[in-house]
Amino acid sequence: MLKTILIKLLNLILYPFKLIIKILVGLLKRLKFSIAFKISTTYLILYIIIIMTVALTTSVGYLIFELQKFEDSTAAKDSEKIISTFPNFNKINVKEESYSSFEIFDKNLNIHFASGRTGRYADSIIVIAEKIIYNNEYVHSESFMKNGSLYYMNINYPMEDMLRDAWRISFMVLISGAIGLMFFAPIVSSTSYKLIGPIKNMTEITKTITVNNINTRLDVKGTEDELKELSETFNEMMDRIEGGYKTQQQFVSDASHELRTPIAVIKGYVNMLDRWGKNDKAVLEESIAAIKNETDNMQDLIEKLLFIARSDRSTLNFTKEDFRICTVLNEIEKETKMIDASHKLYFKFYEDATIYGDKMRIKQAVRILLDNAMKYTPPGEYIMVSGFIKDEYYVIKVEDTGAGIQKNDLDKIFDRLYRAEESRSKQISGHGLGLSIAKIIVLGHKGKIKVKSTPKKGSEFSLMFPYLDS
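Each step along the sequence shown adds one to the number in the working numbering, with nothing skipped, and position 295 is 396.
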């Protein structure tokens with residue numbers, strides 16, 4: 102019972118400290134101090150809390166120990182002596198005893214005898230706490246049977262000396278803590294700034310990152326904590342940004358190069374016409390044809406670039422509807438046979454299916470693959486287009502026996518404006534945007550695009566579109 106009383110009393114004493122700590126922590130969160138200052142202040146507050154807690158627990162522990170010892174010795178003897186004199190309590194000379202007064206209560210807790218001032222029977226923590234706080238007295242309470250009746254007893258002991266010793270112990274602990282604080286504060290401050298050092302370095306490095314030195318990275322050596330993980334994440338992000346920036350630069354460079362050639366050709370023919378070609382009908386017709394051809398070439402390139410740009414901005418719209426895929430494939434077969442008589446063309450559509458999509462865009466994607474097949478397949482060789490259902494997709498496969506694609510180029514053929522060196526050396530027309538556009542169209546229909554190729558033996562492209570029913 103004594104321990105329970107003292108524990109509740111300790112919680113009551115600590116409550117103001119807990120409230121102060123909560124307020125201080127709230128203020129630290131709101132005030133715009135540096136992280137190092139906040140860390141240092143937090144550690145110092147924790148240190149002060151620990152010292153105060155140690156002081157309180159030490160003094161309270163001392164009181165618990167002394168009171169327990171007092172209960173087992175002095176209080177037990179005094180209560181036995183008082184009970185033995187029942188009912189002749191007047192024989193006891195309180196001035197000669199260690200206690201200051203005592204009260205006897207009947208079974209209804211009414212006063213039966215009091216050696217001094219009267220009070221309540223100490224049946225709760227509140228009564229005992231009041232006695233300790235206001236009267237500096239400790240109350241020993243117990244019940245006993247006498248002559249067949251139940252009685253209750255309070256014995257009041259002065260606690261001035263015991264409380265004085267407890268406060269002295271507490272004061273010594275606080276003084277020791279204050280001396281320790283003089284050594285602890287600079288250590289905490291130094292440690293906090295060392296902890297924040299890597300963050301400051303990260304801040305300084307990130308401030309220096311510009312377009313001109315986008316390859317700058319944070320140093321992750323020597324750390325094995327969350328800051329290393331943050332640095333690695335930042336470096337990975339910068340790798341992606343740098344890769345995207347370089348791709349954009351390459352795209353702009355390649356697009357400029359693609360546009361420079363037709364512009365130079367047009368400018369050359371215009372200059373030739375301006376100088377002496379206006380009166381030469383043959384030169385005039387050649388110039389007009391060349392300018393028209395290069396203009397069409399530029400228009401085609403610009404339209405493709407705009408298509409990709411709309412895709413990047415997520416403003417590319419597909420006009421989707423339900424249609425039978427073989428109607429589109431039959432149109433492609435008829436048109437291809439009309440414009441290409443130099444290859445052996447085979448079309449075989451094993452199954453038909455209903456597809457929800459943009460009919461013209463899907464036709465454009467198939468045409469891109471067929472155009473590439475015709476460009477890179479020598480005359481007289483075969484090109485095959487087939488259509489069939491595989492799992493949940495309708496597959497449109499375009500096979501050729503052309504130049505094929507080198508293994509190290511397979512991962513790049515869908516990059517914008519990328520053309521393998523072999524195709525460049527042969528001066529085959531094109532801008533390197535077709536496969537990029539085909540991929541955008543297929544992905545826009547939640548489909549897949551696959552490629553297999555063997556150099557000098559041919560390539561096989563497969564467009565896979567989800568279908569509704571066969």
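Every residue gets a Cβ at the ideal spot worked out from N, C-alpha and C, and that includes glycine.
Note that the structure is predicted; figures quoted are calculated from it, not measured.
Proximity below 8 Å, CB of residue i to CB of residue j
| i | j | result |
| --- | --- | --- |
| S174 | V195 | no |
| P480 | S443 | yes |
| L319 | M338 | no |
| H546 | F562 | no |
| S560 | G505 | yes |
| Y495 | A466 | no |
| E167 | M273 | no |
| E231 | M260 | no |
| K208 | L275 | no |
| I490 | K464 | no |
| F440 | A539 | A quick correction: the sequence has Ile, not Phe, at residue 440. No, Cβ-Cβ distance for I440 and A539 is not below 8 Å. |
| Y457 | D423 | yes |
| P363 | E395 | yes |
Where the beta strand (DSSP E) through residue i begins and ends
| i | result |
| --- | --- |
| I542 | It is not in any beta strand (DSSP E) - I542 instead sits in the alpha helix (DSSP H) that spans 535-545. |
| N255 | 250-259 |
| R414 | Neither: R414 is in no beta strand (DSSP E) and is coded neither H nor E. |
| S487 | 483-491 |
| Y222 | Neither: Y222 is in no beta strand (DSSP E) and is coded neither H nor E. |
Length of the line joining the Cα atoms of residue i and residue j
| i | j | result |
| --- | --- | --- |
| S388 | Y370 | 6 Å |
| P299 | T142 | 20 Å |
| V240 | K119 | 29 Å |
| Y477 | N380 | 41 Å |
| T212 | F245 | Just to set this straight, residue 212 is Ile in the shown sequence, not Thr. Between I212 and F245, the C-alpha separation is close to 15 Å. |
| I475 | K347 | Checking the displayed sequence, the identity of residue 475 turns out to be Met instead of Ile. Cα to Cα, M475 sits roughly 32 Å from K347. |
| F206 | S199 | 21 Å |
| R376 | D459 | 50 Å |
| N248 | E172 | 26 Å |
| R525 | Y519 | Residue confidence is low: R525 scores 47 on pLDDT, short of 50, so the model does not pin down where it sits. Its coordinate-derived value is still stated next. Cα to Cα, R525 sits roughly 10 Å from Y519. |
| N257 | A156 | 27 Å |
| I229 | S277 | 31 Å |
| A365 | L402 | 15 Å |
| D516 | G533 | 8 Å |
| V499 | F450 | 12 Å |
| I193 | I184 | 11 Å |
| M254 | P188 | 13 Å |
| K527 | P556 | Confidence at K527 is low in this model, with a pLDDT of 46, below 50, so the placement of that residue is unreliable and no value is reported for it. |
| E386 | K393 | 10 Å |
| E343 | T317 | 10 Å |
| K123 | T158 | 21 Å |
| D224 | F138 | 50 Å |
| Y144 | P287 | 11 Å |
| K513 | S554 | 13 Å |
Supposed close pair residue i, residue j - CB separation, criterion 8 Å
| i | j | result |
| --- | --- | --- |
| R221 | S202 | About 13 Å separates the two Cβ atoms, so there is no contact after all. |
| I409 | I541 | 7 Å |
| L511 | V552 | 7 Å |
| T437 | L446 | 6 Å |
| F419 | R361 | F419 to R361, Cβ: 33 Å. No contact. |
| L564 | G548 | 7 Å |
| L406 | A356 | 6 Å |
Continuous alpha helix (DSSP H) stretch holding residue i: start and end
| i | result |
| --- | --- |
| K470 | Here residue 470 is Leu; the residue named in the question, Lys, does not match the sequence. L470 -> alpha helix (DSSP H) spans 460-477. |
| T186 | First-last for T186: undefined, no H or E at that position. |
| Y144 | 136-171 |
| V228 | 226-236 |
| K438 | 426-440 |
Legend entry - Meets three-Cβ-pair contact criterion under 8 Å: the stretch 276-283 and the stretch 301-320: no
Inset, instruction - Please confirm if the stretch 467-474 is in contact with the stretch 411-425, defined as three or more CB-CB distances below 8 Å between the two stretches. - result: no
Inset, instruction - Answer yes if the stretch 287-298 comes into contact with the stretch 268-278, meaning at least three C-beta pairs across the two stretches below 8 Å, and no otherwise. - result: no
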